[in-house]
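Comments concern the structure below.
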Amino acid sequence: MDILFRGGRVFTPDGVRETAVLVSGGRIAAVGAEGELARRAPSHETVDLAGGLLTPGFTDAHIHPVQAGLERAKCDLSEVYGLDAYLAAIDAYARRHPDKEWIDGGGWDMSAFPGGLPHRSQLDHLDRPVYLIQRDHHAAWVNGRALERAGITRDTPDPADGRIERDPDGTPSGVLHEGAMDLVGLLTPRPTPRDLDAALDDAQRHLFSLGVTGWQDAIVGSYAGSDDQLPTYLSAARQGRLRARVAGALWWDRTRGAEQIDELVARRAEAEGLGRFRAGSVKIMQDGITENFTAATLEPYCLCGGTGLSYVDPAKLREYVAELDRLGFQVHFHAIGERAVREALDSFEGTDPANRHHIAHLQIIEPSDVPRFAALGVTANLQPLWATHHAQMDELTLPYLGEPRSSWQYPFKDLLEHGTRLCAGSDWPVSDADPIQGMHVAVNRTEPGGSVHAGYPTARTPFLPGQRLDLATAMAAYTSGSAWINRSPAGLVEPGRPADLVVLDRDPFALPPEEIWTTRVRMTFVDGEPVHQ
């Protein structure tokens, strides 16, 4: 049945327009006057926008849905905040699941703890080993039983790509950073294929409810105690359960080198011919995060020293990226610190822009590197929700970065003004998967009113307000920008495109900027069929 969307405005490639949209055969057939389109399709169904906004389906360019789905089914701390609330949720989960050998899950925030560090003693009242991944997925909180199960003692050395947090006497304190997470994480019960299928299905439903009709899974492989998700995606695509348009970023094992490239080629080939899933990207995590001082910086951190970690040797990195580029892979970098950003940009010298390489997170960019993105044809993959004043920023980041480095954070406007192509994502479950919340922050550089950090004293103080984007630019990053990165045919409301569309309950362009976050998704369509309403 043809569908006529009417009664509101539409976010089109030419801007926000008062117009109607006709969908036929799962594709956008026409954009124009309501009467003309109605005469063109006399037997159409009507969707009344009721003064809301019709947009392309959102595409999340950096997200972890399978992991998010698994965590939602485990001990999920992402909806609460603070030690007391965490312990109440953990104890309640333990009571509900007395038969589980482990208590595992995650979602805790570093800013809830002095110095960003919980302690094993806070969990030692529990009668089972505990493994809880930090919200950013760069650390885990464990109890003494978990440390004992893994054989971790004061004599256990730190792995090359991680750190065991320790008490003053050298005893492991209960926090495992980066590569050290695997020391315990790989001992936790493995999810079954059915568990993984259910996690993806649950995540897809949740994302559809937020208007997300496509994404790039930023780690398809085994990392931080998680299992490889490639079989899960292949199964879902073959069975028709995967309705979203998904690109998988195959995980680059940072403990290995060029010998894994043939394996990546073989893994890419497994997804060939699957309409909903492709695996043409490779994810390289070049550094960690600022809060645990593993983000790679050019100058030492203030107060504590050190310049973080470069997980892949920069000289070898150039060789690896050149070969991946030659083979037609897109390279998707994680880079937080300014040295990691520079190393990623250096590795892209001489590569083919047609492969659509991109760098995600981009917390700190040394100003002379900003123009290099456009010059090299590298897309900036933004996670706008992080660009605010919240406890993790004000208490665990700014004092250790110092000036001028603190002012180099999340330079969205500078990138745009230098001609950089933008895409955007959430990094869910690290942060909220709702693109509208991300757009709110991109425009306001303040916490959305509904966030867990909204009550923080400086949450309404704009963070580096000179780096704000306008709403149209932010929405384009979440639609056409991210769809382009994924080589998706969707992402624009124009004739011939797939009818992946979102009906918003209000028009955020008509709202005061500080109210953008109040916008909600009424309906989501994929190929003209409702997947959320």
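One point on numbering: in the working numbering, the residue at position 445 of the sequence shown is 433, and numbering is uninterrupted. Cβ atoms here follow ideal geometry from the backbone N, Cα and C, with glycine treated the same way.
Closest in C-alpha terms to residue 351, from the list 315, 397 and 281, comes 397. Proximity to residue 484 across 3, 54, 253 and 12 peaks at 12, based on C-alpha coordinates. Taking C-beta separations shorter than 8 Å and ignoring five residues to either side along the sequence, the partners of residue 329 in its chain run 323, 347, 350, 352, 353, 354 and 357, following chain order. Inclusion of residue 19 and residue -2 in the CB contact set at 8 Å is warranted, their separation being smaller than that value. In the DSSP assignment, residue 517 forms a beta bridge with 514. Sorting 33, 250, 81 and 410 by C-alpha distance to the C-alpha of residue 517 places 33 at the top. A straight-line Cα-Cα distance of about 19 Å links residue 193 and residue 206. Of the residues assessed, residue 411 falls on the buried side of the cut-off, its CB having 16 or more other CB atoms within 10 angstroms.
For residue 173, the enclosing alpha helix (DSSP H) has its first and last residue at 170 to 173. Around the beta carbon of residue -11, fewer than 16 other beta carbons sit within 10 angstroms, so the residue counts as exposed.
With a 10 Å radius around the Cβ and a threshold of 16 neighbouring Cβ atoms, residue 345 comes out buried. Among the bridge pairs identified by DSSP, residue 203 is matched with 48 and 234. Runs of the alpha helix (DSSP H) lying entirely within the region 457 to 499 and spanning at least 4 residues, in chain order: 459 to 464 and 470 to 473. For residue 190, there is no enclosing beta strand (DSSP E); the enclosing alpha helix (DSSP H) covers residues 181 to 197.
Counting along the chain, no alpha helix (DSSP H) covers residue 394, and no H or E run does either. Segment contact: the region 137 to 154 against the region 52 to 72, fewer than three CB-CB distances shorter than 8 Å; contact not assigned.
Boundaries around residue 335 are those of the alpha helix (DSSP H), 326 to 335, since no beta strand (DSSP E) includes it. Of all C-beta pairs linking the region 88 to 104 to the region 229 to 238, fewer than three are shorter than 8 Å, placing the two stretches out of contact. DSSP, read as helix, strand or coil, puts residue 131 in coil. Taking all protein chains in view, the Cβ of residue 6 is surrounded by fewer than 16 other Cβ atoms within 10 Å, so the residue is classified as exposed. A buried status is given to residue 48, since no fewer than 16 other beta-carbon atoms sit within 10 Å of its beta-carbon. In the structure shown, residue 107 falls within a coil segment according to DSSP collapsed to helix, strand and coil. In the three-state reduction of the DSSP assignment, residue 228 falls in the coil class, being assigned neither a helical nor a strand state.
Here residue 384 is buried: its Cβ has 16 or more other Cβ atoms, across all protein chains shown, within 10 Å. With respect to the C-alpha of residue 242, the residue from 285, 188, 290 and 167 having the closest C-alpha is 167. For residue 352, there is no enclosing beta strand (DSSP E), as DSSP marks it with neither H nor E. Boundaries of the alpha helix (DSSP H) around residue 304: 302 to 314. Going by DSSP, residue 4 is part of no alpha helix (DSSP H) but of the beta strand (DSSP E) stretching over 3 to 6. Relative to the Cα of residue 319, the nearest Cα in the group 305, 270, 253 and 475 belongs to 270. Taking all protein chains shown into account, residue 38 has fewer than 16 neighbouring C-beta atoms within 10 Å of its C-beta and is therefore exposed. Between residue 478 and residue 471, the C-beta gap is smaller than 8 Å, which places the two residues in contact. Contact annotation: residue 187 and residue 77 have beta-carbon atoms that are not nearer than 8 Å. Contact between residue 378 and residue 435 holds, with the beta-carbon distance rounding to 6 Å and staying under 8 Å.
Comparing alpha-carbon positions, the option among 280, 444, 131 and 406 lying closest to residue 365 turns out to be 406.
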